[in-house]
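Protein chains in written order, with my numbering: chain S, 1 to 506; chain W, 1 to 313; chain G, 1 to 299.
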Amino acid sequence: MKKFVASLIAVVLVFGAFSVNVLAYEGKTELVVASGSLGPSLDPVGTNDMPSSRHQRQIFDTLIMMRYIDGQIVLEPGLAVSWEFLDPSTLKLQLREGVLFHNGELFTANDVKFSLERAIESSFSRPIVEMIDEIIVDGDYEVTIKTLFPFAPLLNHLTHTSTSIVSAAAVEEFGDSFGENPVGTGPFKYVSRVVQSELVFERFDDYWGELPVLEKLRILEIPIQATRLILVETGGADIAVDIAPADVRRAEANPNLTLERGFTFSLSPYIGFNTLKEPFDNHLVRQAINYATDTQALVDVVFRGVGAPAHGPLSEMVWGFAELEAFDYDVAKAKELMIEAGYPDGFETTIWWNSNNPQRGQVAEMLQFMLADIGITMEVIGVEWGQYLLDTADGLHDMFLLGWVTATGDPDYGLFNVFHSNNHGTPGNRTFYTNARVDELLEAGRVETDPDARLVIYAELQQILRDDAPWIPVLQGEELVVLSNSVRGFELTPTTNYWFWLVHFE
Amino acid sequence: MNFCLYKYIFKRLGMMVPVLLGVMLIIFFINHITPGDPAVILLGDRADIQDVENLRREMGLNDPFFVQFFRYVGNVIRLDFGTSFVPPHRTVWEEISMRFPTTMQLAALSVVFAILMGIPLGIISATKQYSIFDNIATVIGLLGVSIPNFWQGMLFIMLFSVTLGWLPAAGWSGPQTWILPAITIGTSSAAVIMRMTRSTMLEVVRQDYIRTARAKGQKESTVIYKHALKNALIPVVTVVGLQFGGLLGGAVLTETIFSIPGLGRYVVQAVNQRDYPTVLGGVLLMALAFSFVNLLVDILYAFIDPRIRSQYK
Amino acid sequence: MSENNITVAAKPKKKRSQARDVWRRFRRNKTAMVGMVIIIILILTAIFADVLAPGTETHPGYNLMNWRNTFELPSRDHPLGTDWAGRDILSRIIHGSRISLQVGFVVVGIAMILGIILGAVSGFYGGIADNIIMRIVDIILAIPNILLAISLAAALGPGLVNVMIAVGVGTVPAFARVVRASVLTLREQEFVEAARAVGANDIRIIFRHILPNCLAPIIVQATLAMAGAILSAAGLSFLGLGIERPKPEWGTMLNEAQADFLNYWHISVFPGLAIVIVVLALNMMGDGLRDAFDPRLKK
Numbered sequence: 001m002k003k004f005v006a007s008l009i010a011v012v013l014v015f016g017a018f019s020v021n022v023l024a025y026e027g028k029t030e031l032v033v034a035s036g037s038l039g040p041s042l043d044p045v046g047t048n049d050m051p052s053s054r055h056q057r058q059i060f061d062t063l064i065m066m067r068y069i070d071g072q073i074v075l076e077p078g079l080a081v082s083w084e085f086l087d088p089s090t091l092k093l094q095l096r097e098g099v100l101f102h103n104g105e106l107f108t109a110n111d112v113k114f115s116l117e118r119a120i121e122s123s124f125s126r127p128i129v130e131m132i133d134e135i136i137v138d139g140d141y142e143v144t145i146k147t148l149f150p151f152a153p154l155l156n157h158l159t160h161t162s163t164s165i166v167s168a169a170a171v172e173e174f175g176d177s178f179g180e181n182p183v184g185t186g187p188f189k190y191v192s193r194v195v196q197s198e199l200v201f202e203r204f205d206d207y208w209g210e211l212p213v214l215e216k217l218r219i220l221e222i223p224i225q226a227t228r229l230i231l232v233e234t235g236g237a238d239i240a241v242d243i244a245p246a247d248v249r250r251a252e253a254n255p256n257l258t259l260e261r262g263f264t265f266s267l268s269p270y271i272g273f274n275t276l277k278e279p280f281d282n283h284l285v286r287q288a289i290n291y292a293t294d295t296q297a298l299v300d301v302v303f304r305g306v307g308a309p310a311h312g313p314l315s316e317m318v319w320g321f322a323e324l325e326a327f328d329y330d331v332a333k334a335k336e337l338m339i340e341a342g343y344p345d346g347f348e349t350t351i352w353w354n355s356n357n358p359q360r361g362q363v364a365e366m367l368q369f370m371l372a373d374i375g376i377t378m379e380v381i382g383v384e385w386g387q388y389l390l391d392t393a394d395g396l397h398d399m400f401l402l403g404w405v406t407a408t409g410d411p412d413y414g415l416f417n418v419f420h421s422n423n424h425g426t427p428g429n430r431t432f433y434t435n436a437r438v439d440e441l442l443e444a445g446r447v448e449t450d451p452d453a454r455l456v457i458y459a460e461l462q463q464i465l466r467d468d469a470p471w472i473p474v475l476q477g478e479e480l481v482v483l484s485n486s487v488r489g490f491e492l493t494p495t496t497n498y499w500f501w502l503v504h505f506e
Numbered sequence: 001m002n003f004c005l006y007k008y009i010f011k012r013l014g015m016m017v018p019v020l021l022g023v024m025l026i027i028f029f030i031n032h033i034t035p036g037d038p039a040v041i042l043l044g045d046r047a048d049i050q051d052v053e054n055l056r057r058e059m060g061l062n063d064p065f066f067v068q069f070f071r072y073v074g075n076v077i078r079l080d081f082g083t084s085f086v087p088p089h090r091t092v093w094e095e096i097s098m099r100f101p102t103t104m105q106l107a108a109l110s111v112v113f114a115i116l117m118g119i120p121l122g123i124i125s126a127t128k129q130y131s132i133f134d135n136i137a138t139v140i141g142l143l144g145v146s147i148p149n150f151w152q153g154m155l156f157i158m159l160f161s162v163t164l165g166w167l168p169a170a171g172w173s174g175p176q177t178w179i180l181p182a183i184t185i186g187t188s189s190a191a192v193i194m195r196m197t198r199s200t201m202l203e204v205v206r207q208d209y210i211r212t213a214r215a216k217g218q219k220e221s222t223v224i225y226k227h228a229l230k231n232a233l234i235p236v237v238t239v240v241g242l243q244f245g246g247l248l249g250g251a252v253l254t255e256t257i258f259s260i261p262g263l264g265r266y267v268v269q270a271v272n273q274r275d276y277p278t279v280l281g282g283v284l285l286m287a288l289a290f291s292f293v294n295l296l297v298d299i300l301y302a303f304i305d306p307r308i309r310s311q312y313k
Numbered sequence: 001m002s003e004n005n006i007t008v009a010a011k012p013k014k015k016r017s018q019a020r021d022v023w024r025r026f027r028r029n030k031t032a033m034v035g036m037v038i039i040i041i042l043i044l045t046a047i048f049a050d051v052l053a054p055g056t057e058t059h060p061g062y063n064l065m066n067w068r069n070t071f072e073l074p075s076r077d078h079p080l081g082t083d084w085a086g087r088d089i090l091s092r093i094i095h096g097s098r099i100s101l102q103v104g105f106v107v108v109g110i111a112m113i114l115g116i117i118l119g120a121v122s123g124f125y126g127g128i129a130d131n132i133i134m135r136i137v138d139i140i141l142a143i144p145n146i147l148l149a150i151s152l153a154a155a156l157g158p159g160l161v162n163v164m165i166a167v168g169v170g171t172v173p174a175f176a177r178v179v180r181a182s183v184l185t186l187r188e189q190e191f192v193e194a195a196r197a198v199g200a201n202d203i204r205i206i207f208r209h210i211l212p213n214c215l216a217p218i219i220v221q222a223t224l225a226m227a228g229a230i231l232s233a234a235g236l237s238f239l240g241l242g243i244e245r246p247k248p249e250w251g252t253m254l255n256e257a258q259a260d261f262l263n264y265w266h267i268s269v270f271p272g273l274a275i276v277i278v279v280l281a282l283n284m285m286g287d288g289l290r291d292a293f294d295p296r297l298k299k
């Protein structure tokens, strides 16, 4: 018996010996952020997910920075101090001098060339930089970017984290593991990462800008939304991002917390039709389904009124957004259109949703319920994310749910990939929508340099896309961030790539 | 310990090899028939078709199934478990070794909880058969094996983290965060151990040598703890070993609910992301741990059961 | 020879009285009877789900949404409250019993058949067949059940049949082991020798003489395995790998409740309770059956 107990204790001790990582006490110069994910990589060209971009933003700078001040999107100097277009497809930038990388090296134009060329090579970041033809180093602090065609939104693209400037020397040193040894010029530098647990940054004391008050930034991975809120409630974190709409009431009821909310660049989800397939090749059917869809109910029930019903293909935060007439929920009208289209008794179809996003499942369920009113029998199918992307790119779907984030804030990025007929499938046009006039306008919009002329182009585009209805736009995205009351200086931004270095405590 | 016991251990370790090979084959096969293309996963959803095809060739994904399988086995023998398909593309070995300790810690804590709850309750229940205590314990025991642990976890968070505010709802950073998940996972094992202890105790108590001991006028507590318990524990130890597999499985769901950075949650995520090398490595390691614990249990057995011990003299 | 014949011929009679004995003992076990009553109620609920929670022409009874009435706490109209879409949770649980029972019965049915065949072959013939089958059993048992189910569910995709397969594969080994153990003890018994002596072939011996005599452990195992299958299927659905929406699988209901369980207790408590009650009832029955089959355990 004694031996048994002794052996048992031995086993326990062996396992217990693995016990490590007890968290330290938090001071007031340490900010703890609860996030849904740490993101798979800190390499700016290694992923294209939202959490990764947000965390990359803390340690890397871009040439130009996008900031959101008093409801306006402002482009501020980043590593470039000034810029001018020499001609519509040539941009010359003056670079900031005396900037140091986290490894102590001096930042020069060569790093810009290196970083952008690297971004063009990666399939994750290519969509942001594929129009860049050549990067010419004119001097240590002067660089010229030539694009393949006049590309109006280039400045916006240079604010995207995919164009972050990395240390050429560090990339050469670390190779494929640069994502785990990221070296940038940003206000924070990377310290450590415990997978699926926490990411630790500390202040970079040689930062070129105003030095943050924070000395340490810790990001915790808490996948369950409700738990993130609990963490701020109980003092385990100072900020929780991506709060669930379901938790708004709880957050608002708590006097020790502040709930910050604001619209984002996201239009997610939208309901797409496979316009190559019968009966969705008929715009009357698409319109009928638009009329039969009570988007307000979707927003109220699934998203608890967070965000707003979307009426067109762009987020209203995007430059050039046009107010469009909504398809009001009108079953009678929908039925008329179905008869006109030749489907008086409806039809059978399917809708896919990606099973890692439960809210989309709920949207699909509600849509199934709504469309029963116009005789459409719809099967709801949850598909694993990877498979979902592959099969929707191959056009195997009937109807589907996806979202689109116009990360650059410019309508070109929000529409070109999604509706141009050259971009069927993988590049983003998963409705396989084909419309010559739309193609024409999309091409005109990206090369036109006069902002007023662009506004006219994009207004017409949005009107066509509304009327022709390859989508049912559902939700204008809204971000929800919970702050502990001692947090000051936090700014919302429609990219959701928050500037945590502006935060301090009071 | 002596030479024969070593020989026995050695033989048992040898028997683990075909089992682990089989585990690899099964998981490899399941992954093989799982829809989703590793090359596409690696390159991201906007990759060029030609790039994908080149990568497929490079990764040997166009080779026949058994060629791929034996290549994998060959690599595993050299302790190369491959590289994760998902950024940041660390080696599976690295990824797993970061998480495995947490899961083992969690499993060990739950075993301890299960034993500390199960054995004493079982003994009391058996010595006071048909008492109210016994009845209550029986009901609790039945409940314990019937509660889905993910639901129990949800209730625990609702009650202890939110309503009462006693314990944290997430993470793995110190004893406070260990309590709820360990109890959640350990509950069903505690119930199984309790039920097992109770029934073996009842059986042992009826044996002749116990009657003899009683007849010799020994104190009841001596009879129970010295004579009965020792023999009753033998089957209980086996159950504890078998429960370990269940505990590792329980970790899969419980780690998800409590946001614990362990192997179980990681493997589930890997399954969802079609990160096959990680799935293979993770399941293999769990199977290894399970087989290893069962071996330990069998050795422990030899310590407590004189009949088995005598075989190795 | 004549003596042997008597043994063989006398068996059915003995079996009938044995069954009566078992039932008599089972009936006296209150816990087991409660379990059985619950299961009978559940089966009736599943059969009459459409009567108990009727639907409309366009929508089944488990999917009657009402968006003006979401997350209502239990009330007279909705004894267990409503869910995110304003659907009556009680109706969903009632219809969900169909799914859980289907999963339970089909999984156990198939696993039992496979397990019996494998276990019988393994126990009866021994040798290489036994070795191979038992190694396969060891291999499957070495993989944590839920992980095996998760991998299989990912490979097969969602859907009722796929969930059954995913859960079923891990259920077979236990049956095979139980049957093998019984067959091993039975195969040397006199009546088997007798049957062999009168020229019965192997299959006849296994099915006519051996299996009927190891029904007890098989039935007990079936009851417990059904509890396990329902739990596993709920776990898969909880992870979102289960049955398509809007079908009211109880685990799916818990999955849907995940986002709101802190705000509305009723959406997670009741589906969870439904699982616990059914699994508990099956375990109670299983225990009772074991005791009834093996009178040694009871006084």
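C-beta atoms are modelled at their ideal positions from N, C-alpha and C, and glycine is treated no differently. This structure is a prediction, so every number in the text was calculated from the model and none was measured.
For residue 246/G, the nearest beta carbon of chain S is closer than 9 Å to its own beta carbon.
Collapsing the DSSP output to three states places residue 238/S in coil. Residues of chain S whose Cβ lies closer than 7 Å to the Cβ of residue 119/W do not exist; the shortest such Cβ separation is about 11 Å. The C-beta of residue 59/G comes closer than 9 Å to at least one C-beta of chain S. At a Cβ-Cβ threshold of 9 Å, residue 267/S and residue 414/S count as neighbours. Annotation: the continuous alpha helix (DSSP H) that includes residue 387/S extends over 385-393.
From the beta-carbon of residue 298/W, no residue of chain S is found nearer than 9 Å; the closest lies around 12 Å away. Here the alpha carbon of residue 130/G sits roughly 35 Å from the alpha carbon of residue 278/G. Residue contact check for residue 256/G against chain S: a CB pair falls below 9 Å. Note that the stretch 108-125 of chain W touches the stretch 190-198 of chain W; at least 3 beta-carbon pairs, one per stretch, sit closer than 8 Å.
Within the same chain, Cβ atoms closer than 6 Å to the Cβ of residue 114/S are found at 168, the five residues on either side in sequence being excluded.
For residue 266/S, DSSP records a beta bridge to 405/S. Checking the DSSP bridge columns, you'll see residue 88/G partnered with 82/G.
A contact between stretches requires three or more CB pairs, one per stretch, nearer than 8 Å, and the stretch 180-196 of chain G fails this requirement with the stretch 70-90 of chain G.
Residue-level contact check: residue 55/G does not touch chain S, since none of the beta carbons of chain S fall below 9 Å from its beta carbon. Beta bridge pairing from DSSP links residue 66/S with 75/S.
Under a criterion of Cβ atoms nearer than 8 Å, no residue of chain G is adjacent to residue 60/S; the nearest Cβ is some 33 Å distant. Between residue 319/S and residue 411/S, the C-beta gap is smaller than 9 Å, which places the two residues in contact.
Among the residues facing chain G, residue 108/W is not included, as its CB has no counterpart in that chain under 9 Å away. With contacts defined as CB atoms closer than 9 Å, residue 232/G and residue 170/G qualify as a contacting pair. Measuring C-alpha to C-alpha distances from residue 65/S to each of 145/S, 157/S, 100/S and 129/S identifies 157/S as the nearest. Closest by C-alpha distance to residue 467/S, out of 286/S, 400/S, 388/S and 259/S, is 286/S. Comparing C-alpha distances from residue 486/S to each of 499/S, 505/S, 35/S and 372/S shows the shortest one belongs to 505/S.
Taking the C-beta atoms as reference points, residue 219/S is found no nearer than 9 Å to residue 228/S. The C-beta of residue 80/W comes no closer than 9 Å to any C-beta of chain S. Shown here is that no member of the stretch 96-114 of chain G has a Cβ falling below 9 Å from a Cβ of chain S.
Counted as a single uninterrupted DSSP element, the alpha helix (DSSP H) harbouring residue 38/W occupies residues 38-43. Within the same chain, 210, 213 and 214 come within 7 Å of residue 223/W by CB-CB distance, once the 5 residues on both sides are set aside.
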